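The structure appears below as structure tokens.
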Amino acid sequence: NGDYVSLVRNITEALRYQAELIEAQERAEAAARAKSAFLANMSHEIRTPMNGVVGMADLLSETDLDREQAMFTDTIRSSGQALVTIINDILDFSKMDAGRMELHPEPFDLEKTIHEVLTLLAPSARAKGIELILDYDMFLTRDLVADPGRLRQVLTNLVGNAVKFTDSGYVLVRAVGVGVSGDGHVVHLTVEDTGIGIAPENQERVFGEFRQVEEAANRRFEGTGLGLAITQRIIALMGGKIWLESELGVGSCFGVSLALPGAERMVPQPALPKA
Ligand code: ADP
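Following full-length UniProt numbering, the numbering of the sequence shown begins with 193 at its first residue and continues without gaps.
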């Protein structure tokens with residue numbers, strides 16, 4: 193009889209414990225939702241007036257200004273633009289966190305997308321004396337399906353980081369078709385640099401949100417630490433993988449592998465036998 197009483201007590205205790213766990217989990221989920229909603233609202237509220245600031249600075253820079261005025265206007269424009277980029281990152285991140293990021297896949301030209309990204313980043317690479325090299329697999333078809341905007345964002349982040357964390361040498365972007373898998377044709381994109389590199393103990397960390405290798409106090413590079421967290425989530429949404437190989441003081445190589453529907457390797461056609 194005593195056994196029976198203690199059994200019932202144990203079961204009651206276990207049930208209460210479980211109820212408490214569920215309640216704690218629900219509270220944590222509600223807090224996470226509130227955080228996402230707060231970040232999304234804040235970002236939106238800041239972005240709208242910032243777009244006004246950047247837009248007006250743009251218009252102002254087209255008017256007749258003296259050298260000093262032009263310099264001030266340019267600072268307003270570029271600082272505003274930097275803030276808009278940060279806000280967009282936070283907005284993207286909170287969207288993904290809340291599972292509200294949607295992809296809009298469509299046929300696009302991968303080579304053109306990579307070219308656009310390289311053109312955008314060429315001035316900062318040139319300013320540092322870094323060579324930007326593209327190695328595009330000639331057998332990779334132009335007929336790929338993905339969300340081009342999001343893919344451009346991934347590439348801009350990876351190549352932008354490579355340029356940012358490299359002082360001399362090169363940044364090599366490579367796109368290769370490596371075969372067929374269930375959903376489509378597998379494409380490997382790699383961004384290799386001869387930059388500062390990442391120590392083994394930090395290689396997992398860099399994909400975390402708000403994470404940077406250097407501590408805030410001795411930071412040499414600007415950034416929110418959201419770029420790679422966003423990049424990793426976009427690639428995951430696309431059903432792909434991202435990886436990193438790096439050696440401190442030698443350089444890094446970030447790689448992305450994606451199975452893109454609609455991708456077809458254009459095998460060179462053998463010349464038709466003459467009739
Ligand atoms: P951010 O660039 O805004 O700091 P990211 O999420 O893009 O944020 O990168 C996180 C951190 O990973 C960077 O601050 C840097 O310490 C490290 N990192 C990213 N890319 C490279 C690279 N190519 N070479 C060296 N370190 C890198």
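Glycine residues also receive a C-beta, built at the ideal position from the N, C-alpha and C atoms. These numbers were taken from a predicted model, which means no experiment stands behind them.
Q) Which whole-angstrom value describes the C-beta separation of Val346 and Val355, a residue pair presumed to lie in contact below a C-beta threshold of 8 Å? A) Position 154 of the sequence shown, counting from 1, holds the residue named residue 346. Position 163 of the sequence shown, counting from 1, holds the residue named residue 355. With 8 Å as the limit, Val346 and Val355 do not qualify as a contact, their Cβ atoms being about 15 Å apart.
Q. Taking just the CA atoms, how far does His377 sit from Gln273?
A. Position 81 of the sequence shown holds residue 273. Position 185 of the sequence shown holds residue 377. In this model, Gln273 and His377 are separated by some 37 Å (Cα to Cα).
Q.
Output needed for Ile390: all residues of its chain with C-beta closer than 8 Å, excluding positions within five of it in sequence on either side, in chain order.
A. On the sequence shown, position 198 is the one that residue 390 refers to. Here the set comprises Val398, Val405, Leu436, Ser438, Leu440, Ser444.
(Q) Only counting the same chain, and skipping five residues up and downstream in sequence, which positions put a Cβ closer than 7 Å to that of Leu295? (A) One-based indexing of the sequence shown puts residue 295 at position 103. Within the same chain, Leu295 has close Cβ partners Asp339, Arg342, Leu429, Met430.
(Q) Measuring straight from C-alpha to C-alpha, what distance separates Pro297 and Val337? (A) Locating residue 297 in the sequence shown gives position 105, counting from the first residue. Locating residue 337 in the sequence shown gives position 145, counting from the first residue. Distance between Pro297 and Val337, taken at the CA atoms: about 6 Å.
Q) DSSP state of Glu237, grouped into three classes? A) Locating residue 237 in the sequence shown gives position 45, where the first residue counts as 1. The three-state reading of DSSP puts Glu237 in helix, counting H, G and I together.
Q | For Ala354, the first and last residue of its enclosing alpha helix (DSSP H) | A | Here residue 354 refers to the residue found at position 162 when the sequence shown is read from its first residue. Unbroken alpha helix (DSSP H) run through Ala354: 340–356.
Q | Ordered list of alpha helix (DSSP H) runs contained in the region 193–220, each at least 4 residues | A | Listed in chain order, nothing qualifies, since the region 193–220 has no complete alpha helix (DSSP H) run of 4 or more residues.
Q) What whole-angstrom Cβ distance do Gly447 and Thr382 have, given they're in contact under 8 Å? A) What you label residue 447 is simply residue 255 of the sequence shown in a count that begins at 1. What you label residue 382 is simply residue 190 of the sequence shown in a count that begins at 1. With 8 Å as the limit, Gly447 and Thr382 qualify as a contact, their Cβ atoms being about 4 Å apart.
Q) What's the gap between the Cα of Gly417 and the Cα of Phe402? A) The residue labelled residue 417 in the question sits at position 225 within the sequence shown. The residue labelled residue 402 in the question sits at position 210 within the sequence shown. If I take the Cα positions, the gap works out to 4 Å.
Q) Going straight from the alpha carbon of Ile203 to that of Ala216, what length do you get? A) Counted from its first residue, the sequence shown places residue 203 at position 11. Counted from its first residue, the sequence shown places residue 216 at position 24. Near 20 Å, if we compare the C-alpha coordinates of Ala216 and Ile203.
(Q) Pull the bridge partners of Glu299 from the DSSP assignment, please. (A) Locating residue 299 in the sequence shown gives position 107, where the first residue counts as 1. The question names Glu, yet the displayed sequence has Pro at residue 299. Paired residue(s): Val337.
Q: Verify the contact flag: Gly244, CB atom, against every heavy atom of ligand 1, threshold strictly below 7 Å.
A: Here the question's residue 244 lines up with position 52 in the sequence shown. Checking every heavy atom of ligand 1 against the Cβ of Gly244, none is found closer than 7 Å.
Q) Between Val370 and the rest of its own chain, which residues show a CB-CB distance below 8 Å, the 5 nearest in sequence each way excluded? A) As a working mapping, residue 370 is identified with position 178 in the sequence shown. Cβ neighbours of Val370 within its own chain (closer than 8 Å, five residues either side excluded): Val378, Val379, His380, Ser449.
(Q) How far does the alpha helix (DSSP H) with Thr265 in it extend, from its first residue to its last? (A) Position 73 of the sequence shown holds residue 265. For Thr265, the uninterrupted alpha helix (DSSP H) segment begins and ends at 259–289.
(Q) I'd like the span of the beta strand (DSSP E) that includes Leu324, first residue to last. (A) Translated into positions along the sequence shown, residue 324 becomes position 132. Where Leu324 is concerned, the enclosing beta strand (DSSP E) stretches over 322–328.
Q. Where DSSP assigns a beta bridge to Val309, which residues make up the other side?
A. As a first step, residue 309 is located in the sequence shown; it is residue number 117 there, counting from the start. Partner(s): none; Val309 has no beta bridge.
Q) Under a Cβ-count criterion, where at least 16 other Cβ atoms within 10 Å of its own Cβ denotes burial, should Phe357 be classed as buried or exposed? A) As a first step, residue 357 is located in the sequence shown; it is residue number 165 there, counting from the start. With 16 or more Cβ atoms within 10 Å of its Cβ, Phe357 is classed as buried.
Q | With 16 other Cβ atoms within 10 Å as the buried cut-off, status of Leu302 | A | Reading the sequence shown from its first residue, position 110 is the one you call residue 302. Its Cβ being crowded by 16 or more others within 10 Å, Leu302 is buried.
Q | Paired residues, beta bridge with Gly447 - DSSP | A | Position 255 of the sequence shown, counted from the start, is the residue given in the question as residue 447. According to DSSP, Gly447 bridges with Thr382, Trp435.
Q: Give a yes or no on contact between the region 246–264 and the region 204–214, applying the rule of three or more CB pairs nearer than 8 Å.
A: No, because fewer than three Cβ pairs between the region 246–264 and the region 204–214 fall closer than 8 Å, the two stretches do not touch.
Q: With DSSP collapsed to three states, give me the class of Val372.
A: Reading the sequence shown from its first residue, position 180 is the one you call residue 372. Of the three classes helix, strand and coil, the one that applies to Val372 here is strand, per DSSP.
**Q.** C-beta atoms of Thr265 and Leu252 nearer than 8 Å
**A.** Here residue 265 is taken as the residue at index 73 of the sequence shown, counted from 1. Here residue 252 is taken as the residue at index 60 of the sequence shown, counted from 1. Contact check for Thr265 against Leu252 passes: the beta carbons are separated by less than 8 Å.
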